[in-house]
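Engineer: Numbering (this note's numbering), first residue to last: 65 to 173.
Virtual Cβ for every residue (Gly too), placed ideally from N, Cα, C.
Please read these numbers as outputs of a predicted model, since none were measured by experiment.
This is the structure, below, for whatever I ask next.
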């Protein structure tokens, strides 16, 4: 909420991963195979977060076959190409590849 107040964005995109495999899993069966199992309480916490965002009238985005960083990357590039200054708030370091001078900024949380 502090970020929305300080940055005053014209638009907000909030993306979440889906629990199903992505196109990367289909291309490489070992994709993320070394990751630990997600704790069960995380899914419950995520559900509460999504309910809170909905109550705040903030729409969330998921897309079958894609991860949240894919969605944010696509939207960031589309926004930047359309002339908007894009700011991404994420803990996903994969998004660093999107950073560009004057156009796309990444704030790590």
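1) Taking the alpha-carbon positions, what's the residue 74 to residue 85 distance?
2) DSSP state of residue 173, grouped into three classes?
3) Among all the DSSP beta bridges, which residues are the ones paired with residue 164?
4) Specify, as a first and last residue, the run of the alpha helix (DSSP H) that residue 136 falls within.
5) Taking the straight line between their C-alpha atoms, what separation do you get for residue 127 and residue 83?
6) Once the 5 residues before and after residue 164 are set aside, which same chain residues still bring their CB inside 8 Å of it?
7) Starting from residue 151, follow its DSSP beta bridges and name the residues at the other end.
Structural biologist: Quick answer:
1) 32 Å
2) coil
3) 168
4) 132-145
5) 11 Å
6) 144
7) 169
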